[in-house]
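These notes concern the structure reproduced below.
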Amino acid sequence: MPPPSFWRRRAVLEAWHLPGLGESVAEWLEGRTRAGAEFRAPALSAAQAGAVAQSVRRAALEARSNRTTGEVVGSIAAAASKLSGGGAEGVATRELLRAELGWDERLVRDTLEGMARTWTADSLKGLVDVELGGSAVLDGFVADTTWTGPGHRSRRALGSPVVLQVLAGNVPGVAITATIRALLVRSGVLCKLPESEPGLLPLFARLLAEEDPLLGRCVAATWWSGDSFPAAWREWAKWAGRAVVYGGDEMVEAVRASLPADTDLVSYGPKTGVAVVLPEASAGAARELARDICAYDQQGCVSPRLVYVVGESTRPFVEALASALAEHTRRHPPPDPTLAEAVAIRSARTACEFAGYEDGRSLVEAPGESLAWTILASESPAATAESLPRVVWVHHVPNLETVEDTLRTLEGRIQTLGYCGAEGLQKLAALATRLSVSRIAPFGSMAWPPADWRHEGKHQLLPLVNWTDFEIPE
Amino acid sequence: MSTPQVPGTDAFDLLSAELIAAFEAWSPGIPSWDAGDLDAWARRAFRLQFEGNTAYGKYCEARGVGPGDVSGWRDAVPVPTEAFRAVDLVVGSGAAVSLTFQTSGTTRGRSAQGRHLVRSPELYRASLRAGFRAFVLPGKIATKIVTLPPSLTEEAGSSLGWMLDDVRAGFGTGDGVCVASPGGIDWSLLDAEVRESVQSERPLCILGTTVGFASWLDRLADGRSPAVHLPMGSVLMDTGGEKGRPGLQRSTVVRGMVHHLGLSLDAVVNEFGMTELLSQRYGYGDPAHPLVGPPWLRSRVLDPLTLEELPDGAVGILCHYDLANLGSVCAVLTEDQGRIVGEGIEWVGRTAGAPPRGCSLATAELLEAQGRA
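Each protein sequence line maps, in turn, to chains A and B. If you want my numbering, it's the 1-based position in the first sequence plus 1. If you want my numbering, it's the 1-based position in the second sequence plus 1.
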């Protein structure tokens with residue numbers, strides 16, 4: 002089968018998948034990713050947006066009648082496996098991500114494979130089993146064995162017929178993950194794509210349509226510039242019973258304000274990863290952490306930015322981490338930082354280096370003037386970090402109590418707390434719960450949460466379903 | 002801060018005195034400042050700063066650069082402006098500092114003021130006055146100096162305030178005035194100065210921030226201040242651009258001012274200065290480039306990724322070299338974008354803060370979180 006055609010002449014990416022749009026596109030919106038890939042999407046009129054929303058709703062309702070959740074899982078998994086597979090579709094996907102993100106082939110492949118592990122039929126079925134006790138409850142009413150009242154009660158769980166999704170500047174694949182979750186609970190999806198990576202979800206939707214045209218019609222995705230809410234959005238908002246937002250506090254508030262008052266909102270805010278090196282960590286810990294740092298080009302909410310070395314000086318670990326980052330970067334060179342990032346990295350290095358000249362407690366490890374990676378090490382505990390590519394702050398802490406005191410400022414903002422070493426691990430877990438950390442994971446797997454992880458400490462599917470209780474007297 | 006081991010304050014004083022004499026002797030066209038001379042000064046300045054400015058010396062050593070490696074101004078290791086926030090950069094003891102200028106307080110959402118310690122106000126003055134004489138008031142016309150705020154009286158630590166006060170004291174007819182009131186600009190005094198200038202046919206040199214001129218333009222446009230034809234030889238000097246009023250267009254301000262004050266566009270001079278630099282560049286009209294300066298203030302344009310020098314005309318990060326910075330660090334790497342145009346530079350803009358990456362916590366949010374402690 003030939004790869005889906007998503008490139009136009011001049012290599013402009015088609016960043017849209019709009020079932021029900023019809024043939025007439027009067028005007029196009031054009032954008033460009035950070036890495037410079039050009040893309041376009043139709044400028045939707047309110048009438049066109051309404052037609053798309055109705056089409057998605059019809060398809061979602063039809064799929065509830067004509068497809069079991071098991072069949073949906075099968076089609077999703079088949080489409081997803083093509084994205085990351087060795088066939089023509091996989092080649093096209095990797096080409097797309099390289100162009101959109103400026104990543105090298107290896108980083109793209111690793112990222113795609115990591116995500117695809119959570120999109121297999123077994124993973125998806127497992128997720129439904131864990132959160133909903135199996136797919137039967139999505140396909141029909143299931144007897145409630147805990148019912149102690151008169152007669153019988155059965156229950157059914159279903160998502161809203163239409164879910165709105167807004168993805169502000171997310172890592173690749175998040176749009177697909179969010180869409181899969183909605184499809185699993187039998188919702189249709191209207192998605193505003195992220196400017197940083199607008200191509201992957203439309204590509205996935207086309208592959209899904211090839212597997213099952215009806216399911217392909219359950220997903221609509223497009224892009225427009227900025228955080229605005231044009232007429233098309235307002236039209237979509239009328240049809241959605243629930244909105245899912247990935248974005249910062251301002252974005253979430255703006256979306257909330259733009260929705261009808263009774264629209265349910267599920268939000269995922271920006272988070273950060275923190276790594277703790279416990280005493281007597283293994284020799285390979287730095288190498289594992291380097292892998293976590295470089296995964297997703299450090300854009301993930303699970304990506305470590307702050308590292309705490311418990312016990313003695315940071316020096317040996319910093320040297321090992323520098324060596325590991327150098328080796329990782331040699332094999333997987335990162336894309337060039339943007340101009341703003343370049344300036345910010347130099348500025349952060351300068352502040353750290355000169356502070357070290359002043360007090361002798363800070364130092365910078367970096368490959369000379371190259372910006373490929375940076376370690377900003379300090380013997381003083383602090384929760385200082387910025388969101389910059391392949392830049393980590395390493396702080397010395399005398400004990401875990403100091404880690405907790407230091408991280409209290411980030412309470413509720415830590416997505417993954419990584420660790421290496423065993424001494425004090427239970428204590429670390431206890432402090433993580435006090436800081437509302439949503440996941441504790443060993444170095445090397447920080448960046449790769451399993452399919453059924455509790456994203457931000459929440460269930461993945463339960464926040465998306467509405468329950469219907471059916472009571473029958475004796 | 003720690004007291005650096007210095008080769009003796011005499012070394013700074015001696016070189017500073019020589020530079021003051023050289024600055025004062027300079028005027029455009031005098032051939033005493035060829036490239037070889039500047040490089041010779043730069044070698045001496047680098048040695049002094051390498052040995053006398055402890056933090057800078059360590060910074061250079063970390064890059065494997067010592068006095069023996071510097072043959073001219075281009076070789077001097079530049080410090081990023083951030084360094085002025087991190088430490089006191091001064092040759093010799095901080096106790097020898099007689100003047101301190103504060104840098105602006107924010108960078109990428111972070112609130113952190115830096116400062117530039119000035120060991121020799123005389124050296125600063127010599128550079129400032131030589132440049133101002135050459136680029137703003139090159140004629141000998143008797144001109145009255147009028148400055149808009151700030152002055153040091155209202156804003157201690159402002160390098161612009163110091164500059165305006167010094168120009169008022171050192172140039173013109175000796176009766177210069179600062180039209181400041183507690184709330185900002187004393188409009189009635191400014192209007193009176195303008196009327197008096199027209200009546201007496203004595204030209205004015207009016208100096209202020211672009212934002213200050215924008216406020217004046219608002220008044221000129223609605224008739225609260227008088228529109229006039231200022232006498233021949235009058236000059237406006239603005240500085241700062243849109244800083245303090247986002248969205249302000251300098252072009253709008255400049256064209257409005259010349260319209261209401263009866264001036265030609267080339268009677269408007271744009272001053273380009275930074276707290277981290279003690280010399281200034283100037284441009285004329287609109288757009289005001291190239292920005293030119295005295296021969297001891299030079300600029301390079303660097304690739305932001307590699308810090309390699311870019312060819313003339315290419316846009317990159319501006320890196321300045323200023324001998325008037327003898328008491329701190331001469332070579333300063335900015336966060337500004339610009340390019341070389343002829344003998345001067347074009348300032349393209351400040352590099353905006355890096356936007357958040359992916360769904361990782363954004364810089365501002367992380368820093369804000371720290372503020373919740």
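Backbone N, C-alpha and C fix where the C-beta goes; we use that ideal spot for every residue, glycine too.
Nearest residue (CA-CA) to residue i, options the options
i              : options                           : result
L1 (chain A)   : A:L364, A:F230 and A:T223         : Only positions 2 to 475 of chain A appear in this structure, which leaves residue 1 (chain A) out of reach.
L418 (chain A) : A:K272, A:L372 and A:E313         : A:K272
G140 (chain B) : B:D89, B:R282 and B:S28           : B:S28
G249 (chain A) : A:V167, A:L307, A:G174 and A:P305 : A:V167
R256 (chain B) : B:I142, B:D239 and B:F13          : B:D239
E309 (chain B) : B:S72, B:E19, B:P79 and B:Y60     : B:P79
R243 (chain A) : A:L465, A:P280 and A:P20          : A:L465
R44 (chain B)  : B:P68, B:K59 and B:L165           : B:P68
E236 (chain A) : A:P280, A:S46 and A:R41           : A:S46
L218 (chain B) : B:G58, B:E25, B:H261 and B:L303   : B:H261
W163 (chain B) : B:T148, B:G175, B:G173 and B:G350 : B:T148
D38 (chain B)  : B:L20, B:V137 and B:A228          : B:L20
Neighbour flag for residue i against chain A, beta carbons, 9 Å
i              : result
T107 (chain B) : Confidence at T107 (chain B) is low in this model, with a pLDDT of 45, below 50, so the placement of that residue should be treated as unreliable; the coordinate-derived value is given next. Output row for T107 (chain B): interface = no.
Q338 (chain B) : yes
T104 (chain B) : no
L319 (chain B) : no
K244 (chain B) : no
L49 (chain B)  : no
T101 (chain B) : no
A131 (chain B) : no
Y60 (chain B)  : yes
A96 (chain B)  : no
A378 (chain B) : For chain B, the structure presents residues 2 to 374; residue 378 (chain B) sits outside this window and is missing.
S112 (chain B) : In this prediction, S112 (chain B) scores a pLDDT of 46, lower than 50, which makes its location untrustworthy; the coordinate-derived value is nonetheless stated afterwards. False, the Cβ-Cβ gap to chain A never drops below 9 Å.
Assigned exposure category for residue i - 16 Cβ within 10 Å defines buried
i              : result
A367 (chain A) : buried
I341 (chain B) : buried
I1 (chain A)   : Since the first and last residues shown for chain A are 2 and 475, residue 1 (chain A) lies out of range.
P151 (chain B) : buried
K244 (chain B) : exposed
S226 (chain B) : buried
K83 (chain A)  : buried
F471 (chain A) : exposed
Q50 (chain B)  : buried
E24 (chain A)  : exposed
A343 (chain A) : buried
W468 (chain A) : exposed
CB contact check: residue i to chain B, cutoff 9 Å
i              : result
R347 (chain A) : yes
E359 (chain A) : yes
F355 (chain A) : yes
P343 (chain A) : Just to set this straight, residue 343 (chain A) is Ala in the shown sequence, not Pro. Yes, its Cβ sits closer than 9 Å to a Cβ of chain B.
Interface partners of residue i on chain B, CB under 7 Å
i              : result
E370 (chain A) : T307 and L308
L340 (chain A) : P305 and T352
Any C-beta of chain D under 9 Å from that of residue i
i              : result
D337 (chain A) : Here the protein chains are A and B, and chain D is not one of them.
8 Å Cβ cut-off: residues of chain B touching residue i
i              : result
T351 (chain A) : V80, P81, E83, A84 and A87
Interface partners of residue i on chain A, CB under 8 Å
i              : result
A387 (chain B) : Because chain B here runs from 2 to 374, residue 387 (chain B) falls outside it and cannot be looked at.
A56 (chain B)  : F355, Y358 and E359
DSSP bridge partner residues for residue i (one or two, in chain order)
i              : result
P183 (chain B) : Answer is none; P183 (chain B) lacks a bridge partner.
P43 (chain A)  : A:W29
W374 (chain A) : Its beta-bridge partners do not exist; DSSP assigns none.
A332 (chain B) : B:Y322
Y420 (chain A) : A:V277 and A:P443
Residue i Cβ short of 8 Å to the ligand SAM heavy atom set
i              : result
T101 (chain B) : Within the structure as shown, the ligand SAM is missing, as the structure has no ligands at all.
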